[in-house]
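Remarks on the structure that follows.
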Amino acid sequence: MKKGELVEGIVKKISFPNKCEVITAEGESVYVKNGLIGQEVSVRVLKKRHGVCEGDIIKVIKPADNELLPPACPHFNECGGCTYQNLSYEDQIALKEGQLREIFEEVLPERAFTEVWEGVKRSPKQFEYRNKMEFSFGDLYKDGPLSLGMHKRGSFYDVVPVLSCKIVDEDYRKILNETLMFFRGVNATYFHKIRHEGYLRHLLVRKAVATGEILIDLVTTASMNFESGYADEGAMLNAYKDCLLSLTLDGRIVSVLHTKNDSVADTISDEGTDILYGQDYFHEELLGLKFKISPFSFFQTNSLGAELLYDTAREFIGDAIKEGATVYDLYSGTGTIAQVLSPAAGHVIGVEIVEEAVEAAKVNAMLNGLANCDFIAGDVLKALDDVTEKPDFIVLDPPRDGIHPKALEKIIDYSVDRMIYISCKPTSLARDLKVLQARGYRVERMCAVDMFPGTVHVESIALLQRMSNTRSKVITPDVEL
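Going by my numbering, the sequence shown opens with residue 66, and the numbers climb by one from there.
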């Protein structure tokens with residue numbers, strides 16, 4: 066196969082997270098994204114490196130036997146937000162189960178894996194489960210009308226107005242539509258990624274499941290470069306706020322914000338936020354605990370799924386945390402796990418590198434009347450040097466790339482009898498499990514929680530038991546962070 070060549074074949078395998086192997090009639094392999102096992106597809110070869118061909122699916126010649134036609138979401142074929150809206154939820158779970166088995170059976174002997182593996186737990190809701198969405202402004206096609214929604218699949222520029230998105234509820238869809246109609250009506254410009262000019266950038270919407278509170282944040286550049294028909298920017302934004310507040314919603318808007326961001330990167334960066342209405346936070350509740358959440362602070366995007374995840378962690382831990390025990394919650398974020406475990410512990414110490422998250426964790430602990438939680442801002446590798454109190458139990462919930470090898474060695478040196486490892490990227494967990502097992506830990510229980518239906522992502526959780534005081538040789542992962 067050569068670059069630019071069109072080939073036909075059948076999708077035979079999908080490896081995590083979205084690597085589809087297409088086998089041609091000649092028996093050659095080309096790797097693509099966004100396929101389903103059993104599809105007959107036409108593929109354009111994009112590159113060939115070290116004998117491995119990669120390409121894009123140009124056309125599905127014949128659908129898979131289990132493919133949903135039409136897909137569950139009307140935007141699926143254009144929007145890049147989801148991958149599996151063309152599969153039933155049962156088939157999504159089966160696919161993720163197979164991928165996780167492939168990953169973890171390389172780390173654990175097959176028999177050992179079968180003994181500890183407890184399967185994939187389903188999200189309590191397949192649809193309308195997200196409590197946070199970051200929509201982008203742009204145009205549907207080059208020089209087309211203003212659009213607001215998700216980036217088109219395979220495109221860095223085009224934006225699909227996902228007015229019927231299935232992973233958020235009707236309130237999100239109403240807010241999205243009202244925002245789009247308002248700014249089309251005032252002939253607003255959007256921030257152009259090449260020219261670095263324009264006004265509208267993102268719309269951030271967060272809604273709590275338990276309380277129904279809604280936070281809306283309009284993100285723009287600092288310079289308004291169009292005539293809106295209003296006296297000034299303030300008058301225009303006040304009118305926009307009034308339009309939002311006039312909506313009939315199931316939830317309740319408690320916050321309308323305006324954030325300025327002049328960064329050239331296509332990410333939300335807070336360079337100053339004004340309150341247009343209400344407050345700059347909202348409240349959510351998980352497992353009987355209250356959480357105060359600011360616009361940009363981390364919080365699991367599936368509230369009901371997070372309850373299932375943390376309840377699973379609590380079940381795995383069982384009575385491993387003795388009365389008066391010291392628990393380390395490393396990579397603690399806003400301190401959710403720390404607070405869930407605090408009633409069973411004597412002292413919980415959370416370590417998190419994002420200072421805003423640490424401050425939020427402190428506020429939330431006070432909100433819940435938890436006096437035995439302390440949170441430290443800093444990198445786990447360095448911050449632990451200043452903590453004199455040694456742990457009896459450790460909870461690990463690192464970012465997607467897993468734990469830095471040196472930090473993992475430091476964690477292992479505490480020699481706690483048990484620890485919990487929660488991972489949003491199973492390949493990172495598998496890599497770190499190799500080191501942990503080589504240093505005397507054994508996996509006791511393991512499962513996954515599908516926090517992100519319709520997508521390739523899944524959370525994994527493992528309970529580890531220390532088997533020996535004998536120090537094995539240091540293992541350095543072969544994957545750089």
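Beta carbons: idealized from backbone N, C-alpha and C, even for Gly.
Model, not experiment: these values are computed from the prediction.
- Counting every other CB atom within 10 Å of its CB across the protein chains shown gives E180 a total below 16, marking it as exposed.
- Here DSSP, grouped into helix, strand and coil, assigns R510 to strand.
- When C-beta atoms of the stretch 167-180 are compared with those of the stretch 239-258, fewer than three pairs fall below 8 angstroms, so the two segments do not count as touching.
- Linking C230 to M215 through their CA atoms gives a straight-line distance of about 10 angstroms.
- At a Cβ-Cβ threshold of 9 angstroms, T313 and L354 do not count as neighbours.
- For R465, the closest C-alpha among the options A403, H323, S525 is that of S525.
- Under the three-state reduction of DSSP output, S293 falls in the coil class, being neither helix nor strand.
- Between F361 and E421 the beta-carbon gap is near 7 angstroms, inside 8 angstroms, which marks them as a contact.
- For F248, the uninterrupted alpha helix (DSSP H) run begins and ends at 235-250, by DSSP.
- Checking the DSSP bridge columns, you'll see N367 partnered with R195.
- With fewer than 16 other Cβ atoms inside 10 Å of its own Cβ, P135 counts as exposed.
- With a 10 Å radius around the Cβ and a threshold of 16 neighbouring Cβ atoms, V460 comes out buried.
- In summary, V329 is exposed, with fewer than 16 beta-carbon neighbours lying within 10 Å of its beta-carbon over all protein chains present.
- Secondary structure remark: continuous alpha helix (DSSP H) runs of at least 4 residues inside the stretch 378-443, in chain order: 401-406, 420-432.
- CA-CA distance, L373 to L351, rounds to 10 angstroms.
- Counting C-beta pairs closer than 8 angstroms gives three or more between the stretch 310-327 and the stretch 281-299, which meets the contact rule.
- Counting the other Cβ atoms within 10 Å of the Cβ of G467 gives 16 or more, which makes it buried.
- Sorting I75, F178, R531, K455 by C-alpha distance to the C-alpha of A495 places F178 at the top.
- In the DSSP annotation of this structure, the continuous segment of the beta strand (DSSP E) that includes T324 starts and ends at 317-325.
- M215 is bridged by DSSP to V225.
- In the DSSP assignment, Q530 is bridged to R483, R507.
- Taking a contact to require three or more Cβ pairs closer than 8 angstroms, the stretch 290-303 and the stretch 270-282 do not qualify as touching.
- Secondary structure of Y346 (DSSP, three-state): coil.
- Y237 counts as buried, since at least 16 other C-beta atoms from the protein chains shown sit within 10 angstroms of its C-beta.
- Rounded to the nearest angstrom, the gap between the Cα atoms of L395 and Y486 is 10 angstroms.
- Contact between the stretch 501-521 and the stretch 429-437 is absent, with fewer than three C-beta pairs closer than 8 angstroms.
- Within the stretch 114-169, complete alpha helix (DSSP H) segments of at least 4 residues are found at 154-169, given in chain order.
- Judged by DSSP secondary structure, L310 falls within the alpha helix (DSSP H) whose first and last residues are 298-310.
- Rounded to whole angstroms, the gap between the alpha carbons of A409 and R187 is 27 angstroms.
- Contact between M198 and Q365 fails: their C-beta atoms lie close to 14 angstroms from each other, not under 8 angstroms.
- Sequence-distant Cβ neighbours of K67 in its own chain, meaning closer than 8 angstroms and more than five residues away, are V110, K113.
- For L269, the pairing in a beta bridge is given by DSSP as E199, D282.
- Apart from sequence neighbours up to five positions away, the residues of its chain that approach T520 with a beta-carbon distance below 6 angstroms are C147, T148, ordered along the chain.
- Between the C-alpha atoms of R317 and G343 there is a straight-line separation of about 11 angstroms.
- Secondary-structure assignment with DSSP links S94 through a beta bridge to I88.
- Just so you know, the alpha carbons of M511 and I75 end up roughly 33 angstroms apart.
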